[in-house]
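Everything on this sheet refers to the single structure shown next.
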Amino acid sequence: MTNIYKYVSILAMSISLIACNGNQKSSSESKSPISVKQTPVKSILTAEEQKNMTPDEIIGRLKKGNENFVSNNLTQRDHSSQRRMATIGQYPKAIVLSCVDSRVPVEDVFDLGIGDIFVARVAGNIENADIVGSMEFATAVAGSKVVIIMGHTACGAVKHAIDNTDAASMEMNSLQNLLNEIQPSVAMTEKNGEVSSKNVAFTNSVIHNNALKTVEDIRLASPKMASLEKEGKIKIVAAVYDMETGKVNFK
Ligand SMILES: [Zn+2]
């Protein structure tokens, strides 16, 4: 009787193991796209590579990198090797101004790593003197050729600006100043339904306009960058990162 019980138990375990293997196989078969084993990238961007790329080529590469992010197919990188090489210097191809939002991992969004881009971050991706100074350094001094102002869907800073949150009354004058910087983008957006962050279409329009306005503000704030752009040496562009799809929509 005991032996029969043991036999039945072993049989049951075997069946469950086969079932597990079967499930694993079907789940790996359903994975798409098929990830090919890559050799991790060990090098970083060189001065020569930076010099030879046009602004449009850089934007094309960033778009391709974003496609990799969307399809969950990020490039493998040897960060130890890249970190060691980066001690010699940096030749990033672009500077991205993003919101501080933790759900916007800028380097990953463009499938980039050490030495690839400068990243400036401030809630609501607005322009101010320190941000423009950082961009002047990135472009006129360090040779980056593309400036991307990247807003994102569901931006809390924009939502609070739309809802007229009174931060000053809560002893947050600096946050109030920041929200005041976003207010012109709210004012310039065509009113379509309720002026509230609950109105997703309106909020998305403000996010879009806010990124475009920051581009204009930067051109006005930096004659140097404006003239570099006129000469075709750099491009300053707006974009919005879609939190749901991971796609960066260039404007
Ligand atoms: Zn935000």
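Residue numbers (the numbering used here): 353 to 603.
The C-beta atom is built at its ideal place from N, Cα and C for all residues, glycine as well.
Strand pairing of residue i, partner residues [DSSP]
i, result
"M522", "According to DSSP, M522 bridges with nothing at all."
"H504", "Y593"
"L449", "A472, I501"
"I588", "V499"
Residue i, enclosing alpha helix (DSSP H) - first and last residue
i, result
"V393", "Per DSSP, V393 belongs to no alpha helix (DSSP H) and is neither H nor E."
"I570", "552-573"
"N404", "399-404"
"E459", "458-461"
"D482", "481-488"
"A438", "431-438"
N-terminal and C-terminal residue of the beta strand (DSSP E) that residue i is part of
i, result
"L426", "Note, L426: premise wrong, no beta strand (DSSP E); not H, not E."
"A472", "469-473"
"V600", "600-602"
Within 8 Å, strictly: CB atoms of residue i and residue j
i, j, result
"A573", "V484", "yes"
"L464", "G417", "yes"
"I570", "V493", "no"
"T505", "N556", "yes"
"A563", "N477", "yes"
"K497", "M577", "no"
"A519", "Q528", "yes"
"A513", "I534", "yes"
Anticipated Cβ contact below 8 Å, residue i with residue j, distance rounded
i, j, result
"V589", "K603", "7 Å"
"C451", "A475", "6 Å"
"S537", "V567", "That pair is no contact at about 12 Å."
"M502", "L449", "7 Å"
"L580", "T491", "6 Å"
"S486", "A472", "5 Å"
Same chain, Cβ closer than 8 Å to residue i, five either side skipped, listed in chain order
i, result
"S382", "Below a pLDDT of 50, predicted positions are generally treated as unreliable, and S382, at 44, falls in that range; the measurement from the model is reported next regardless. For S382, where only same-chain residues beyond five positions count, there are no Cβ hits under 8 Å."
"D515", "S548, S549"
"E542", "S557"
"V422", "T597, G598, K599"
"G584", "P407"
Neighbourhood of residue i by C-beta distance below 7 Å, restricted to the same chain and skipping five residues each side
i, result
"I396", "Q434, M437, A438, I466, G467"
"R429", "P392, V393, G465"
"I410", "K445, A446, K497, V498"
"N420", "L426, T427, D463"
"K511", "S549, T555"
"I586", "P407, T491, K497, V498, V499, M577, L580"
"A399", "Y443"
Contacts around residue i, its chain only, beta-carbon distance under 6 Å, and the 5 residues preceding and following it disregarded
i, result
"L414", "F462"
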